[in-house]
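Quick mapping for you: the protein sequence lines, in order, are chains A and B. Every position in the first sequence, counted from 1, becomes a number in this note's numbering once 13 is added. Every position in the second sequence, counted from 1, becomes a number in this note's numbering once 778 is added.
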Amino acid sequence: MALLTCTDLSLGYEGRIIVQGLCFEVNSGDYLSIVGENGSGKSTLMRTVLGLQPPLSGKIETRDGLKLTEIGYLPQQTAVQKDFPASVTEVVMSGFCGRAGLRPFYNAAEKAEAASNLEKLGISNLAKRCYRELSGGQQQRVLLARALCATKKMILLDEPVSGLDPLVTNEMYEIIKDLNTHSEITVIMVSHDIDAAVKYSSHILHVGRDCFFGTRDEYLGSDRFALFGKGGSDNG
Amino acid sequence: MAELFERITEYLSYPFVIYALIVGALVALCSSLLGVTLVLKRFSFIGDGLSHVAFGAMAVASVLNIKNEMPVVLAFTIISAILLLRTGQRARTKGDASVAMISVGALALGYLILNIFSSSGNLSGDVCTTLFGSTSILTLTDTEVWLSCILALLVVGIFVFFYNKIFSVTFDETFARATGTKAGIYNLIIATVVAVVIVLAMNLVGSLLISALIVFPALSAARVFKSFKAVTVCSVILSVSCALAGMLTSILTGWPVGSTIVAVDIVFYGIFTIAGFMGRLSAK
Ligand SMILES: Nc1ncnc2c1ncn2[C@@H]1O[C@H](COP(=O)(O)OP(=O)(O)OP(=O)(O)O)[C@@H](O)[C@H]1O
Ligand SMILES: [Mg+2]
């Protein structure tokens, strides 16, 4: 059975439907890219899967064993407080908050894991820095490290490369791919970068008026790609 | 100078002065603990609203001639805190308006009730005391001292136990919720603790000045320090020192204690702002 199965899902806010008839499933080890135009409901889908808002109708099933506390999340826009005094280590450690349950303090194993996640993302040197004083790209990596601390199984990324320069963007994609192949973390990623989506992912979900879900190769052969994919790469 | 020192030691030999200092230090400690969280979660307006609610409750309690008004006021304020949090969450934008309504409403009704029903000969004096704190806190009863100590211990205990959760929920509530932290419960805990702190602090600085006690030390510390832990520790130390300095000054000069403490807080806010600015300059 799949790690995550969504059947006939309708999404929206306060009764207003934004997407309907969404069906897809994610298996352990998949790399699913979610593409679609601005405002088509990609972020809404993420939030619904995470249980931050209820679906209007339809079902979201997770295989028993995958709990909310085992999913990592990198939001599109972090509602992080601008003036919050927090060190990078503190931010990354907060990824364990859900997993720790009622235990008041983080243990040594978690501290070591946080350090190794910083290492993995190449930002160990930032550990003591103040989060609000980092550049956008550095902040993005810190938040990815935090998301990694929250999971060993599945990570949801909402436009993880927005605002990053081309070099760092590529690095970020490689890091995510590496997590997927080597750390065996299932990846669900929202992206506007069709080329990268096609290059890295195993499955693609196109959210829009009529949705598409299938493997990468099926997507390449579909007329959806002919329209959206070409248009997207012309602009970018 | 020596004379001043002598006077201080003389005052310190009275137990009621010691009690006042202990309670004052505890109140300062508790109120500063949650400062960062409140300021950043935009909860400081709830703190402000609650202090007015506490004033209204105090007015009702004193008219009803309730001997030990603290538990009544406490219960009333906690309930209001929870209600305010609820309305604030359901409609983000309307949150401020409802807080304003409740707080100003409680203030007006409280004063009205006092005016109509109070038998006290010195009404404006009483009101002034509730709003700006007693002219001296040297009149605390034994029960008040004990209750303050217990509540303060409770607040510190809750804060330490939930420290990491409070950090997580304050820093990024969406992420905390998404990864399985029950943010609603922690918001509730925060609101309850704020209510307790406000009732505690009312004796010391009065309901109008409580926000200052909560906000200033945290903002000062955040000017200089860069991690949550450092800011929290610094604001606690700062708040307690300012409170002690303010209280001693007030005892020696006869100035109103609440305003004196807040004045010291303001001075240190200035110093920390300059220090933070210098620090950033020298870092460049
Ligand atoms: N909190 C909200 N309340 C009501 N409507 C909302 C809310 N958030 C988003 N919407 C609407 O839902 C639709 C989908 O928004 P969503 O953020 O999911 O789009 P998206 O696919 O992530 O777009 P983008 O590519 O720009 O990130 C939009 O039309 C938006 O106006
Ligand atoms: Mg989006």
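All C-beta atoms in this analysis are idealised placements derived from N, C-alpha and C, irrespective of residue type, glycine included. If you're wondering where the values come from, they're calculated on a predicted model, not measured in any experiment.
Annotation for Val1009(B) indicates a beta carbon at 7 Å or more from all heavy atoms of ligand 2. If you look at Tyr86(A), you'll find it in the beta strand (DSSP E) that goes Ile84 to Leu87. Exclusion of Ser214(A) from the 7 Å shell around ligand 2 follows from its C-beta lying no nearer than that to any non-hydrogen atom of the ligand.
Note on geometry: alpha-carbon atoms of Ile198(A) and Lys166(A) lie some 5 Å from one another.
For Ala954(B), the residues of chain A that pass the 8 Å Cβ criterion are Ser107, Cys110 and Gly111, in the order they occur in the chain. Using a CB distance cut-off of 8 Å, Cys19(A) does not count as an interface residue toward chain B. Near ligand 1, residues with a Cβ at less than 6 Å from any of the ligand's heavy atoms are Tyr26(A), Ile31(A), Gly49(A), Asn51(A), Gly52(A), Ser53(A), Gly54(A), Lys55(A), Ser56(A), Thr57(A) and Gln89(A); the list follows chain order. Ligand 2 approaches Asp171(A) closely enough that one of its heavy atoms is under 7 Å from the residue's Cβ. Using a Cβ distance threshold of 8 Å, Tyr44(A) and Ala163(A) do not count as a contacting pair.
Taking 8 Å as the upper bound on Cβ-Cβ separation, chain A lies near residues Phe1003, Lys1004, Ser1005, Phe1006, Lys1007, Ala1008 and Val1009 of the region 1001-1020 of chain B. Nearest to Thr919(B) by C-alpha distance, out of Phe854(B), Thr855(B) and Glu847(B), is Glu847(B). Within the region 26-79 of chain A, the complete alpha helix (DSSP H) segments of 4 residues or longer fall at 55-62, listed in chain order. At least 8 Å separates the CB of Ser196(A) from every CB of chain B. When DSSP reads this structure, Thr970(B) sits in no beta bridge, so it has no partner. Using a Cβ-Cβ distance cut-off of 8 Å, the region 148-162 of chain A and the region 104-118 of chain A are in contact, since at least three pairs of beta carbons, one from each stretch, lie closer than that value. Using a Cβ distance threshold of 8 Å, Ala990(B) and Phe1050(B) do not count as a contacting pair. Boundaries of the alpha helix (DSSP H) around Gly1024(B): Phe1006 to Thr1031. If you check each beta-carbon in the region 68-83 of chain A against every beta-carbon of chain B, the ones closer than 7 Å belong to Lys80, Leu81 and Thr82. Rounded to the nearest whole angstrom, the CA to CA distance from Ala930(B) to Ile967(B) is 15 Å. CA-CA distance, Phe854(B) to Ala832(B), rounds to 7 Å. With respect to the 8 Å criterion, Pro68(A) and Leu24(A) are classified as neighbours on the basis of their beta carbons. Among the residues of chain B, those whose CB is under 8 Å from the CB of Tyr119(A) are Asn942, following chain order. The straight-line gap separating the alpha-carbon atoms of Leu147(A) and Lys212(A) is approximately 30 Å. Within 9 Å of the CB of Tyr86(A), the CB atoms of chain B belong to Thr952, Phe953, Ala956 and Thr957, in sequence order along the chain. Counting only the Cα atoms, Ala835(B) lies some 56 Å from Lys133(A). With a beta-carbon spacing of about 13 Å, Met980(B) and Gly802(B) fall beyond the 8 Å limit used to define contacts.
At a cut-off of 7 Å, the beta-carbon of Val220(A) does not count as near ligand 2: no heavy atom of the ligand is closer than that.
Ranked by Cα distance from Lys124(A), the options Gln89(A), Leu161(A), Asn183(A) and Cys143(A) are led by Leu161(A). Across the structure, Ile963(B) and Lys943(B) are spaced so that their CA atoms are roughly 10 Å apart. Taking non-hydrogen atoms of ligand 2 into account, the C-beta of Val203(A) is found less than 7 Å away from one of them.
Under the three-state reduction of DSSP, Cys162(A) is assigned to helix. Residue-level contact check: Ser881(B) does not touch chain A, since none of the beta carbons of chain A fall below 8 Å from its beta carbon.
Contact annotation for Phe945(B) against chain A: Glu103 and Ser107 [CB-CB distance below 7 Å, chain order].
In this structure, Met59(A) sits near Asp171(A), with a CB-CB distance shorter than 8 Å. Restricting attention to Val32(A), Gly227(A), Leu177(A) and Gly42(A), the CA atom closest to the CA of Thr57(A) is found in Val32(A). When rounded, the separation of the alpha-carbon atoms in Ile891(B) and Val975(B) is 25 Å.
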